[in-house]
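>
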Amino acid sequence: MDLQQEFVYVGDDAVVEPSGKSRRFGADLGIRFQPLENFYLNADINYSHARFTGEEKGQDYVPLAPVVTSTGSVNWDFLHGFSLGLQYRYLGARPAVEDNSIKTKAYFVNDLMLSYNRQKWEPIFSSITFSM
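Numbering (full-length UniProt numbering), first residue to last: 1 to 132.
(1) For Ala65, collect the residues of the same chain with a Cβ closer than 8 Å to its Cβ; drop the 5 residues on either side in sequence, then sort them by chain order.
(2) Which residues does DSSP list as the beta-bridge partners of Arg32?
(3) Can you grab the Cα-Cα spacing for the pair Asp2 / Gly54, in whole Å?
(4) For Ile45, would you say it is in contact with chain C, using Cβ-to-Cβ distances shorter than 8 Å as the test?
(5) By the DSSP assignment, the beta strand (DSSP E) with Met113 in it spans what residues?
(6) Which word fits Glu6, buried or exposed, when buried means at least 16 other C-beta atoms lie within 10 angstroms of its C-beta?
(7) Does the stretch 72-82 touch the stretch 94-109, meaning 3 or more C-beta pairs lie closer than 8 Å?
(8) In whole angstroms, what is the alpha-carbon distance linking Phe33 and Leu41?
(9) Rank Leu91, Ser83, Leu36 by C-alpha distance to the C-alpha of Asp44 and give the top, closest one.
(10) If you measure between the beta carbons of Pro63 and Glu98, is that distance less than 8 Å?
(11) I need the straight-line Cα distance from Gly72 to Asp111, nearest angstrom please.
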């Protein structure tokens, strides 16, 4: 994907500013598996290569553009309407500045959820988030 104008967040000033033309390409992979009628697994992983097109190599990174992201979950339905799930979100390290000399930290977050679904209602009883 070629963009005529890339907008970049500038943390020091807390603003978004135009930063020139960029090119992005990448790949997505999604997997869904249901080994049992009431048990589901899914995962998605995404890779993206984002660079400014008018800058010299090594000075062309798009700040804060994700390189690797992933989400997934395991869900189990039981006892006529109850559901238990474990979900994750991952965002890999990414360049914080155009020369990639500073990178953000990667993070991995999990959510444990228990819910009850009856007809049109689905209240969530609890949600516990923990990160690693």
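Using N, Cα and C, we set each Cβ at its ideal position, and we do this for glycine too.
Small disclaimer: the values here were computed from a predicted structure and weren't measured.
Reading from the atomic positions:
(1) Start at 1 with the first residue of the sequence shown, and residue 65 comes out as number 65. Taken in chain order, the residues that qualify are Arg24, Ser48, Ala50, Arg94, Pro95.
(2) Translated into the one-based positions of the sequence shown, residue 32 becomes position 32. Paired residues: Asn42.
(3) Within the sequence shown, numbered from 1, the residue matching residue 2 stands at position 2. Within the sequence shown, numbered from 1, the residue matching residue 54 stands at position 54. Computed Cα separation, rounded: 12 Å.
(4) The chain labelled as chain C is not found in the depicted structure, where only one protein chain is given.
(5) Stepping through the sequence shown from its first residue, residue 113 is reached at position 113. Looking at the DSSP string, the run of the beta strand (DSSP E) that includes Met113 is 107-116.
(6) Position 6 of the sequence shown, counting from 1, holds the residue named residue 6. The residue is buried, with at least 16 neighbouring Cβ atoms inside 10 Å.
(7) no
(8) Position 33 of the sequence shown, counting from 1, holds the residue named residue 33. Position 41 of the sequence shown, counting from 1, holds the residue named residue 41. Rounded to the nearest angstrom, the two C-alpha atoms are 5 Å apart.
(9) The count along the sequence shown starts at 1 and reaches residue 44 at position 44. Ranking Leu91, Ser83, Leu36 by Cα distance to Asp44 puts Leu91 first.
(10) The residue given as residue 63 occupies position 63 in the sequence shown. The residue given as residue 98 occupies position 98 in the sequence shown. A contact, by the Cβ cut-off of 8 Å.
(11) As a first step, residue 72 must be located in the sequence shown, where it is residue number 72. As a first step, residue 111 must be located in the sequence shown, where it is residue number 111. Roughly 10 Å separates the two Cα atoms.
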